[in-house]
Amino acid sequence: MITQLNCKDFIHHPGICLDVRSPMEFIESAITNAHNIPLLNDENRKAVGICYKQKGQDAAITLGYQLINPIKQQLIDQLITITAEKEIKLYCARGGLRSQKMAEFLDPIGYNVLVLKGGYKAYRNYAIKHIARFKNICILSGYTGCDKTGILEQLRLRGEQVLNLEALANHKGSAFGGLGENEQPRNTQFRNLIFESLRKYDPEKRLWIESESITIGRVSIPDELWINMLEANGIEIVLPIEKRIDFIVKSYGKFDKELLIASIQKISKRLGGQDTKALCEKTENNELHEVVERLLKYYDKAYESGRKKRNCQNYVKFNLENIDAVENSRLLLQHLQNIN
203 MITQLNCKDF
213 IHHPGICLDV
223 RSPMEFIESA
233 ITNAHNIPLL
243 NDENRKAVGI
253 CYKQKGQDAA
263 ITLGYQLINP
273 IKQQLIDQLI
283 TITAEKEIKL
293 YCARGGLRSQ
303 KMAEFLDPIG
313 YNVLVLKGGY
323 KAYRNYAIKH
333 IARFKNICIL
343 SGYTGCDKTG
353 ILEQLRLRGE
363 QVLNLEALAN
373 HKGSAFGGLG
383 ENEQPRNTQF
393 RNLIFESLRK
403 YDPEKRLWIE
413 SESITIGRVS
423 IPDELWINML
433 EANGIEIVLP
443 IEKRIDFIVK
453 SYGKFDKELL
463 IASIQKISKR
473 LGGQDTKALC
483 EKTENNELHE
493 VVERLLKYYD
503 KAYESGRKKR
513 NCQNYVKFNL
523 ENIDAVENSR
533 LLLQHLQNIN
């Protein structure tokens with residue numbers, strides 16, 4: 203049986219999800235956890251597109267079927283290697299011929315096929331609209347080295363709604379942000395990851411997000427979320443600088459010196475040639491506390507310059523004595539409860 207589902211029902215329906223678009227389309231972005239079984243490879247998809255432009259839709263459809271029909275069994279065998287389940291969700295770019303053809307292959311051999319109406323384009327539009335609904339945001343701000351990420355994780359464990367953008371971006375946002383991280387997602391896939399993190403949350407309830415620039419490494423926060431972040435209220439964590447330095451040295455001192463030096467050199471134009479050389483030498487000599495202290499002068503200044511852009515000047519300052527994410531998250535929630 204073949205059933206068309208709208209995006210909301212498709213997303214929330216359990217089961218294996220197939221993306222039957224070409225490999226390049228899939229690599230660019232896809233529904234999270236979907237498996238790619240392309241009906242047309244990249245070369246064949248290009249050929250069908252050229253045929254459409256030169257000879258029209260009917261000729262392109264005919265060519266497409268000529269390319270797809272001979273590999274019917276190959277596609278089914280590939281599906282069997284993925285799952286033995288007989289209910290399959292699938293989608294193509296716009297819910298058209300490719301998903302229809304795959305459904306026609308599977309239906310006669312006993313599969314219950316659930317096709318996404320409107321295809322991946324519908325999913326993308328649904329994701330954007332859902333992200334834009336989150337306006338009750340509390341931004342967690344503070345200078346580098348306050349362990350805002352640790353506090354966010356503890357808030358999540360305490361039942362709060364939390365969106366960890368740096369974890370989704372595989373980047374911590376600074377010149378050192380890529381150390382120890384996996385490859386960053388494509389920008390369109392970053393948006394999908396944000397949506398998947400938010401789709402089980404209630405837009406009416408408070409959502410915690412760490413203060414970020416609009417770009418995190420090579421990816422950008424979607425405009426629909428960024429606008430709401432700029433208009434949000436926030437809490438600014440304040441900690442003694444020596445605590446921040448100790449935390450940063452502990453967090454980053456484990457990386458190879460060559461990687462640390464390469465990260466310092468990324469901001470050499472802002473630091474100046476003389477300071478860059480001195481910091482690289484101190485890193486080589488393992489004088490990391492001095493290195494971090496100098497780098498914080500740069501990062502704290504950069505943070506201050508970005509305050510107005512991110513509405514940080516209106517955030518409520520919250521003074522803490524130590525870096526202890528468990529205790530600090532408790533104190534933070536207690537503080538909010540007392541002022542409400």
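Count the sequence shown with this note's numbering and you get residues 203 to 542, in order. Cβ coordinates follow ideal geometry from the N, Cα and C atoms, glycine included. These numbers were taken from a predicted model, which means no experiment stands behind them.
#1: Could you have a look at E306 and say whether DSSP puts it in helix, strand or coil?
#2: Give the single residue among G419, E426, A434 and D404 whose Cα lies nearest to the Cα of I411.
#3: Kindly indicate if chain C contains any beta-carbon less than 8 Å away from that of P240.
#4: Taking only runs that begin and end inside the stretch 239 to 320, name each unbroken beta strand (DSSP E) of 3 or more residues, in chain order.
#5: Going straight from the alpha carbon of I466 to that of E287, what length do you get?
#6: Let's see if you can read the secondary structure: which residues bound the alpha helix (DSSP H) around C209?
#7: Entirely within the stretch 334 to 416 and at least 4 residues each: give me those alpha helix (DSSP H) ranges in chain order.
#8: Just checking my contact of P424 with I330 at CB under 8 Å: how many whole Å lie between their CB atoms?
#9: For F520, which option in T485, I353, V222 and A324 has the closest C-alpha, if you only look at C-alpha atoms?
#10: If you follow the alpha helix (DSSP H) that D221 is part of, which residue opens it and which one closes it?
#11: Comparing alpha-carbon positions, which option in Q386, V518 and I263 lies nearest I541?
#12: For the stretch 297 to 311 against the stretch 228 to 235, do three or more pairs of beta-carbon atoms, one drawn from each stretch, fall closer than 8 Å, so that the two count as touching?
#13: I'd like to check one pair, C209 with Y328: are the Cβ atoms closer than 8 Å?
#14: So what does DSSP say about E433, is it helix, strand or coil?
#15: Less than 8 Å between the C-beta atoms of G344 and G320, yes or no?
#16: Please classify V440 as buried or exposed, where buried requires at least 16 neighbouring CB atoms within 10 angstroms.
#17: Does DSSP classify N521 as helix, strand or coil?
#18: Taking just the CA atoms, how far does N389 sit from H214?
#19: According to the neighbour-count rule (16 or more other Cβ atoms, all chains shown, within 10 Å of its Cβ), is Q268 buried or exposed?
#20: Give the range of the alpha helix (DSSP H) segment to which M226 is assigned.
#21: To the nearest angstrom, how far is the alpha carbon of L365 from that of E523?
#22: Pick from R401, L359, Y322 and I341: whose alpha carbon is nearest that of A334?
#23: Does the distance from the CB of S413 to the CB of G436 come in under 8 Å?
#24: Return the residue from the list R472, I447, I282 and E483 that minimises the CA-CA distance to K459.
#25: Whole angstroms are fine: how far does the CA of M226 sit from the CA of A261?
#26: Are K471 and A377 close, meaning C-beta to C-beta below 8 Å?
#27: Quick one: measure Cβ to Cβ for S415 and G375, integer angstroms, because I've assumed they're closer than 8 Å.
#28: Would you decide whether G347 is buried or exposed? Buried here means 16 or more other CB atoms lie within 10 Å of its CB.
#29: So V317 and I204 are in contact, right, with Cβ under 8 Å, and what is the actual spacing, rounded?
#30: I'd like to know if the stretch 276 to 283 and the stretch 242 to 258 are in contact, where contact means that at least 3 CB-CB pairs between them fall below 8 Å.
#31: Please state whether the Cβ-Cβ distance between R393 and A295 is less than 8 Å.
#32: DSSP beta-bridge partners for T478?
With the structure as the only source:
#1: Looking at E306 - three-state DSSP - the assignment turns out to be helix.
#2: Cα-wise, what sits closest to I411 is A434.
#3: Protein chains in the displayed structure number just one, and chain C is not present.
#4: Fully enclosed beta strand (DSSP E) runs of 3 or longer: 289 to 293 and 314 to 318.
#5: Going from the Cα of I466 to the Cα of E287 covers about 51 Å.
#6: C209 to H214 is the span of the alpha helix (DSSP H), which, as asked, contains C209.
#7: Secondary structure in the stretch 334 to 416: the alpha helix (DSSP H) runs of 4 residues or longer, each lying completely within the stretch, are 350 to 359, 367 to 371 and 389 to 400 in chain order.
#8: The pair is a contact, with the Cβ atoms about 7 Å apart (cut-off 8 Å).
#9: Measuring from the Cα of F520, the nearest candidate turns out to be I353.
#10: Annotation: D221 is outside any alpha helix (DSSP H); the continuous beta strand (DSSP E) that includes it extends over I218 to D221.
#11: The residue among Q386, V518 and I263 with its C-alpha nearest the C-alpha of I541 is V518.
#12: Judged by Cβ distances under 8 Å, the stretch 297 to 311 makes no contact with the stretch 228 to 235, as fewer than three pairs qualify.
#13: Yes, the pair counts as a contact, with Cβ atoms nearer than the cut-off.
#14: E433 falls in the coil class under three-state DSSP.
#15: No.
#16: Result: exposed.
#17: Look at N521 here: in three-state DSSP terms it is strand.
#18: The straight-line gap from Cα to Cα measures roughly 24 Å.
#19: Flag for Q268 reads exposed.
#20: Here the alpha helix (DSSP H) through M226 covers P225 to E230.
#21: Approximately 25 Å, taken between the alpha carbons.
#22: Here the closest residue by C-alpha is R401.
#23: Less than 8 Å separates the beta-carbon of S413 from that of G436.
#24: For the residues R472, I447, I282 and E483, the minimum Cα distance to K459 belongs to E483.
#25: The alpha-carbon atoms of A261 and M226 are separated by roughly 23 Å.
#26: Going by C-beta atoms, K471 is not nearer than 8 Å to A377.
#27: Between the beta-carbon of S415 and that of G375 there is about 7 Å, and that keeps the pair under the 8 Å contact cut.
#28: Buried is the call here.
#29: The beta-carbon distance between V317 and I204, rounded to whole angstroms, is 6 Å. This is short enough to meet the 8 Å contact definition.
#30: Too few Cβ pairs lie closer than 8 Å, so no.
#31: In this structure, A295 does not lie closer than 8 Å to R393 by Cβ.
#32: Its beta-bridge partners do not exist; DSSP assigns none.
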